[in-house]
Each structure stands twice: as C-alpha cells, then as structure tokens.
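Below is one structure, written out as structure tokens; comments come after it.
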Amino acid sequence: MERTLIIVKPDGVQRGLTGEIVRRFEARGLRIIGMKFMIPSRELAARHYAVHEGKPFYPGLIDYITSGPVLVMALEGPGAIEAARNTIGKTNPVEAAAGSIRGDFGITIGRNLVHGSDGPETAAKELALWFEPHELVNWQRDTDRWILEDN
Ligand code: DAT
Ligand code: MG
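The sequence shown begins at 75 in the working numbering and counts up by one.
Now the structure itself:
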C-alpha cells in the first residue's frame, strides 16, 4: 500500500471541479484517508514548493497556490503515487493525455488544476506537511474485495 498527497488547486475549486476531480480518484479505486479545505499560507506554500525556489515561475506559483481555497487529500492504494500522477496527467496540460484531469480541463501550465506527489519520499514529506497524523483516518472499505485482489 502506498499513500500520496493530492491538492485540488485554487483554479479547480473556483471552477467548481472539486467533485469531478475527487470522483476520478475514487472511481479509480484510490481510497480517501484524509481531506481538508483551506487557504494555504505563503509559508506552507513555500515549504511545499521549496524544490522550485529560485526558478522563474516560482513567485507566480506561490501567488497562484495561495490565491484561494484548495482541497487537500491523502489517498491510499497499491501504486497510489503513480496511479494518481497518471490520472492527473503531464505537468503542461497541452501535453497531458485526453482522459487525464489536466488533459480534459486544462490548457496552460500555470493553471493545471491538481497537484500529486511525484515519489515515495516526496509523498511522505508532503503528507506530513499538510496533515497531522490524527487527521488520517484508518477505515475498512467494504468494496475493497472487488477493487483490490489482495486486501
Ligand atoms: P507537477 O505539478 O506536475 O509535479 P512540477 O513539480 O515540475 O510539476 O512543478 C510544480 C508546478 O509548478 C507545476 O504544477 C506548474 C508549475 N510549473 C512547473 N514548471 C513550470 C514552467 N516551466 N513554467 C510555469 N510553471 C511551471
Ligand atoms: Mg511536482
């Protein structure tokens, strides 16, 4: 089992796409274990995007992610990180496959709707950054025997 951190960015929230985006992850079989709605502080945004500090797009990226409410999710499943990244699509929506969230709803890199952790170390770091341990819920999903071969 793997965990990943997903954010519906302010454009996704403002455009009323939160339900559609959550639906796609749920339909895929990823299990929601945490969810919160908040306006990220600049400090939180800076820690989240620390790896991009100094790049030309960094100031705009911080302005964008702190510009309004976001929906933050922790998802769990086998290969959850890669599965979620594939459901989200390539960073630049122009290159994202049709059928992916960015490929279906985005057209510019600076408004690409969703964040998903890019590897196990990043996921662990990001989950700890956005969620307190007690905010992650342990629960049995009754449909798991139809979604997961081994559960
Ligand atoms: P991803 O969000 O697909 O993991 P990333 O981690 O490389 O992509 O970059 C984080 C965000 O920064 C990305 O979602 C959009 C923005 N970004 C990345 N590269 C960019 C670029 N060349 N120009 C403008 N914005 C960019
Ligand atoms: Mg990234």
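Don't be surprised by glycine CBs; every beta carbon is placed ideally from N, CA and C.
Going by other Cβ atoms of all chains shown within 10 Å of its Cβ, with 16 needed for buried, is residue i buried or exposed?
i           : result
residue 219 : exposed
residue 113 : exposed
residue 122 : buried
residue 69  : Past the boundaries of the shown model lies residue 69; the chain is included only from 75 to 225, so the question cannot be answered.
residue 200 : buried
Compute the Euclidean distance between the alpha carbons of residue i and residue j, then round it to the nearest angstrom.
i           : j           : result
residue 167 : residue 180 : 5 Å
residue 103 : residue 151 : 7 Å
residue 67  : residue 92  : Outside the shown range of the chain (75 to 225) lies residue 67, about which nothing can therefore be said.
residue 170 : residue 186 : 10 Å
residue 76  : residue 205 : 16 Å
residue 127 : residue 184 : 15 Å
residue 147 : residue 224 : 24 Å
residue 142 : residue 111 : 10 Å
residue 83  : residue 132 : 15 Å
Residue i and residue j look like a contact to me (Cβ under 8 Å); what is the Cβ gap, rounded to whole Å?
i           : j           : result
residue 158 : residue 80  : 6 Å
residue 174 : residue 182 : With a Cβ gap of about 15 Å, residue 174 and residue 182 do not count as contacting.
Whole runs of the beta strand (DSSP E) within the stretch 157 to 209, excluding any shorter than 3 residues: 188 to 190
Beta carbon shell of ligand 2 at less than 7 Å from a heavy atom: 189, 192
Alpha helix (DSSP H) segments (min. 4 residues) lying fully within the stretch 96 to 128: 116 to 122
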